[in-house]
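J.: Everything in the sequence shown is counted per UniProt numbering, starting at 1 for the first residue and increasing by one.
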Amino acid sequence: MAILQWQFTMSLDGFMAGPGGDMSWVQGLPAADKEVAETRESTGALLVGNRTFRGDDPYAENPEEGEAYGGGWHGTQFVLTHHSPSTPVPGVTFVNDLHAGVAAAKAAAGDKHVGVLGANVARQCLEAGILDEILMFLAPVLLGDGVRVFDHPGGSLVRLERVPTASSSPMYHRLRVVR
């Protein structure tokens with residue numbers, strides 16, 4: 001069965017996007033190329049938040065931005081939203097229910113992972129007790145402002161444990177949600 005895995009890059013000060021959704025800061029960072037390639041290959045479907053899908057990044061039209069894993073991933077995306085577009089988007093299914101979206105994404109992923117993209121949808125998965133893992137690439141930058149990785153005032157403690165990997169990259173961290 002597919003693992004529901006929140007996948008993101010984070011600045012040292014805890015942001016996954018800069019002000020206004022800016023993702024230009026990830027360009028030119030030292031890359032964990034082997035680990036990114038492995039993530040791309042092990043991901044069978046995506047569960048994406050509406051803001052992430054619609055691209056709040058002011059630089060989203062830049063050819064190096066706006067696509068999962070730098071454009072190297074191809075597969076089915078499930079976008080969690082209450083505002084589906086009137087025109088179909090190839091390879092994208094719009095869902096308005098978290099559990100139905102997760103079930104459909106897991107079915108599409110088969111024995112691969114479902115990559116969760118977006119802080120809000122990941123928080124919803126954590127709150128529902130259905131997120132299995134977190135896969136984080138830690139970037140050696142300080143943004144100072146932007147979209148926090150996890151911002152849930154009054155939320156409860158979420159315990160994590162490290163998943164052993166063969167990676168020696170200090171940027172790559174795989175964590176299991178302890179239930």
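Where is the CB? At the ideal position from N, CA and C, for every residue including glycine.
Quick check: Met10 and Val149, are their CB atoms within less than 7 angstroms of each other?
T.: yes
J.: According to the neighbour-count rule (16 or more other Cβ atoms, all chains shown, within 10 Å of its Cβ), is Pro63 buried or exposed?
T.: With a pLDDT of 49 at Pro63, under the threshold of 50, the modelled position of this residue cannot be trusted, and the question is left open.
J.: List in chain order: all unbroken beta strand (DSSP E) runs of 3+ residues lying wholly within the stretch 99 to 133.
T.: 113 to 117
J.: Alpha carbon to alpha carbon, what distance is there between Thr43 and Ile130?
T.: 17 angstroms
J.: Given a cut-off of 7 angstroms, decide if Trp6 and Ile134 are closer than it, judged by their beta-carbon atoms.
T.: The answer is yes: Cβ separation under 7 angstroms.
J.: Can you list, in chain order, the residues of its chain whose CB lies under 7 angstroms from that of Gly118, leaving out five sequence neighbours each side?
T.: Taken in chain order, the residues that qualify are Val48, Gly49, Arg51, Thr52.
J.: Between the Cα of Val158 and those of Asp33, Gly91, Ala122, spot the shortest distance and give me the residue it belongs to.
T.: Checking every option, the nearest Cα to that of Val158 belongs to Ala122.
J.: Please name the residue, chosen from Pro170, Leu160, Leu143, that lies closest to residue 183 on a Cα-to-Cα basis.
T.: Residue 183 cannot be examined here, being either before or after the span of the chain that is shown, 1 to 179.
J.: If you measure between the beta carbons of Leu4 and Asp132, is that distance less than 7 angstroms?
T.: yes
J.: Tell me whether the stretch 74 to 83 and the stretch 94 to 111 touch, counting them as touching only if at least three CB pairs, one residue from each stretch, are closer than 8 angstroms.
T.: yes
J.: Can you tell me whether DSSP reads Val36 as helix, strand or coil?
T.: helix
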